[in-house]
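Peer 1: Under the working numbering, residues 1167 to 1246 are what the sequence shown spells out, in order. Just so it is clear, CB atoms sit at the ideal spot from N, CA and C, and this is done for glycine as well. All figures in this text were calculated on a predicted structure; none of them were measured in a lab. Okay, here's the structure, questions in a sec.
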Amino acid sequence: MRYDVEADTRKEGMAEFEREQQMRLNKISVDRYKETLARGFDIITNDPLDNEGDLGEPEPKNEPAPQKTQVYEYYRSLQD
């Protein structure tokens, strides 16, 4: 009985391992699109691409710093 259970458990574990490996291989990568975006134009229509913000360097955000709340100030005073 124990041999059968261990064999079934091993079989299920190997199936799960193979499924995880297949999912890792099929995962979408940003590298697939880097060459297309670096080219600067669509090779089918010859239209220029609008690459701003696409997979490149993130644009700096000019957002104001968040306001410090009373809770933040309280915990900050505990650290000092």
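Can you find the residues in the same chain that come closer than 8 Å, C-beta to C-beta, to residue 1207, ignoring five residues on each side of it along the sequence?
Peer 2: Taking the first residue of the sequence shown as 1, we reach residue 1207 at position 41. Once the five neighbours on either side are set aside, the close Cβ partners of residue 1207 are 1213, 1214, 1215.
Peer 1: If you drop the 5 nearest sequence neighbours on each side, which residues of the same chain put their C-beta closer than 7 Å to that of residue 1195?
Peer 2: Taking the first residue of the sequence shown as position 1, residue 1195 is located at position 29. There are no such residues.
Peer 1: When the Cα atoms are used, what is the spatial distance from residue 1211 to residue 1200?
Peer 2: Reading the sequence shown from its first residue, position 45 is the one you call residue 1211. Reading the sequence shown from its first residue, position 34 is the one you call residue 1200. Roughly 18 Å between the two C-alpha positions.
Peer 1: What separation, rounded to the nearest whole angstrom, lies between the Cα atoms of residue 1189 and residue 1182?
Peer 2: Here residue 1189 refers to the residue found at position 23 of the sequence shown. Here residue 1182 refers to the residue found at position 16 of the sequence shown. Computed Cα separation, rounded: 11 Å.
Peer 1: Leaving aside the five residues before and after residue 1229 along the sequence, list all residues of the same chain whose C-beta is less than 8 Å from its C-beta, in chain order.
Peer 2: In the sequence shown, counting from the first residue as 1, residue 1229 sits at position 63. Hits under 8 Å: none found.
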